[in-house]
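A short worksheet on the structure shown next.
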Amino acid sequence: MEELNDQIQQRLRKLEELRAMGIEPYGGRFPALPVGGEVLNKAKGLQEQYVQTSKEELEQQKVPAVLAGRIMSMRRFGKACFAHLQDDSSRIQIYFKNDILGKKAFEIFERLDLGDLIGVRGHLFRTKTDELT
88 MEELNDQIQQ RLRKLEELRA MGIEPYGGRF PALPVGGEVL NKAKGLQEQY VQTSKEELEQ
148 QKVPAVLAGR IMSMRRFGKA CFAHLQDDSS RIQIYFKNDI LGKKAFEIFE RLDLGDLIGV
208 RGHLFRTKTD ELT
């Protein structure tokens, strides 16, 4: 039970840190949504549409993606992190990198936990293991 209390204390501390940074952790809508307020993409739709698209083609096309969902896993590597985002259709890998996000956004990201609901936007690419990200 003490471990659970420590976990709760850590999450409460992160909430306060986010608020001190000007972020409302239980905010409203995802601000990156386009006019009309709809998420542009679903994980399953992206996977189905780009299943045959090569790494090189994705790099050339710079396919934009906007998704929202729950963080299901995280693998941190210093100034970068891979995670899986689960929406109502499927799960897709997402990637966070300090020099792409910028210092403030990466500091916000570092305070996220498994189970948090987030919105993300970026460009699709394939990793070295050929996973659509």
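Taking our numbering, the leading residue of the sequence shown gets 88, the next gets one more, and so forth.
For each residue, glycine too, the CB sits at the ideal point set by N, CA and C.
Identified DSSP bridge partners for residue i
i      : result
Ser258 : Past the boundaries of the shown model lies residue 258; the chain is included only from 88 to 220, so the question cannot be answered.
Lys184 : Ala167
Arg208 : Val153
Candidates the options: closest to residue i by CA position
i      : options                           : result
Thr214 : Val207, Gly206, Gly189 and Phe169 : Phe169
Ala130 : Glu146, Asn92 and Gly156          : Gly156
Glu218 : Gln148, Tyr137 and Asn185         : Tyr137
Expected contact under 8 angstroms - CB spacing of residue i and residue j to nearest Å
i      : j      : result
Leu154 : Asp175 : Not confirmed; about 11 angstroms, so no contact.
Ile181 : Leu188 : With a Cβ gap of about 12 angstroms, Ile181 and Leu188 do not count as contacting.
Ile95  : Ile158 : Incorrect: roughly 18 angstroms between the Cβ atoms, too far for contact.
Residue i - DSSP class collapsed to helix/strand/coil
i      : result
Ile179 : strand
Arg198 : coil
message: Does the contact criterion of 3 or more C-beta pairs under 8 angstroms hold for the stretch 95 to 112 versus the stretch 196 to 206?
response: yes
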